[in-house]
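Quick notes on the structure that follows.
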Amino acid sequence: MLGYALFVCALSVLLPTLVLMQAAFAKAWGRGFSFDNLTLHNFQYVLFEQTQAQQAILNTFLYAGASAVAAIGLSLAIAYVVSRKLVPGTNVLAFLCMAPFVIPGIVLAIGFYAAYAPPPLALYGSGLMMILAFTTRFLPIAYMSCATGMQSISPEMEEAVRILGGGRLLAIRKILAPLMKKNLAGVWILVFIPAARELSSAIFLVGPNTRVISVMLFDLSEEGNFEVLAALGAILLVVSVIIAGVGSRIIGRDFMVRRNA
1 MLGYALFVCA LSVLLPTLVL MQAAFAKAWG RGFSFDNLTL HNFQYVLFEQ
51 TQAQQAILNT FLYAGASAVA AIGLSLAIAY VVSRKLVPGT NVLAFLCMAP
101 FVIPGIVLAI GFYAAYAPPP LALYGSGLMM ILAFTTRFLP IAYMSCATGM
151 QSISPEMEEA VRILGGGRLL AIRKILAPLM KKNLAGVWIL VFIPAARELS
201 SAIFLVGPNT RVISVMLFDL SEEGNFEVLA ALGAILLVVS VIIAGVGSRI
251 IGRDFMVRRN A
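Shown next, in the form of structure tokens:
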């Protein structure tokens, strides 16, 4: 059984990753692996020569990071309202937070285009549109984690703050947020990683100055520039693995499993 699991893992994860890295360092991918076919030019081109690639890398990590922060703030507030039943219809509010989970990304992007592209907002092709789309797309991940963390904190701790004259915002800032800091760090990572590779919604909403890595990878594949495509994909892969590794080190080895359970 273990051997079968390792075999499947090798075919589905290890082999594609090795082929990707081989192509990223290859002068010509079709020639196969050989030492005289190795080069760093693909990475040099992506990181230092191709302005569009540099902008796409910057945009990707900026939008993914900002959307992760926005998703945390929004989901924390909603999870607090729902768990403490502060308003009528909290079940509906929770359902709306989970709704993007079942909506295809391209359909969500069409909705954003219809809502925010026309004047007076005219947000189409802007960075704000990308951040809003990514935040909405991955809000269910953030909400599930925040709701789970909220349930583990007794309301009596907040009541102590309110008895001393503090409001709900003070209770969230002084009690809930510090107690959930590891949970929130895990949420940030779990939103950042899929947002950084999101294609289905991004491809419909990008503008000339807001391209992200996933869209550029698609464009490069259409052009048949596989070596540069592989180098750009390898950069995204390495950054994602590093962030996941840092999260595992700080939060715990199984933080991704626990947040997705």
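The letter at position 186 of the sequence shown is residue 186 when you use full-length UniProt numbering, and the numbering goes up by one with no holes. For glycine and all other residues, C-beta sits at the position ideal for the given N, C-alpha and C.
According to DSSP, is residue i helix, strand or coil?
i      : result
Leu205 : helix
Gln44  : helix
Asn260 : Caution applies to Asn260, whose pLDDT of 46 falls short of 50 and renders its modelled position unreliable; the model cannot decide the point.
Gly125 : coil
Leu164 : coil
Val238 : helix
Ile106 : helix
Ser154 : coil
Let me know if residue i comes out buried or exposed under the rule of 16 or more other beta-carbons within 10 Å of its beta-carbon.
i      : result
Met150 : buried
Phe192 : buried
Asn42  : buried
Phe138 : buried
Pro178 : exposed
Arg173 : exposed
Tyr4   : exposed
Met180 : buried
Would you kindly report the start and end of the unbroken alpha helix (DSSP H) that includes residue i?
i      : result
Leu139 : Leu139 to Gln151
Gln54  : Thr51 to Arg84
Lys182 : Lys181 to Arg197
Ala10  : Run containing Ala10: none; DSSP gives neither H nor E here.
Asn225 : It is not in any alpha helix (DSSP H) - Asn225 carries neither H nor E in the DSSP assignment.
Mind checking who residue i pairs with in its DSSP beta bridge?
i     : result
Leu38 : Ala26
Just to confirm before moving on: does the CB-CB distance between residue i and residue j stay below 8 Å?
i      : j      : result
Asn183 : Ser145 : yes
Ser126 : Gly65  : no
Leu93  : Val82  : yes
Ile106 : Ser201 : yes
Pro100 : Thr136 : yes
Ser67  : Phe7   : no
Lys196 : Phe61  : In the sequence as displayed, the identity of residue 196 is Ala instead of Lys. For Ala196 and Phe61, yes; Cβs fall inside 8 Å.
Ala70  : Ile163 : no
Looking at the ligand ATP, does it come within less than 7 Å of residue i, judged from the CB to the closest heavy atom?
i     : result
Asn59 : Within the structure as shown, the ligand ATP is missing, as the structure has no ligands at all.
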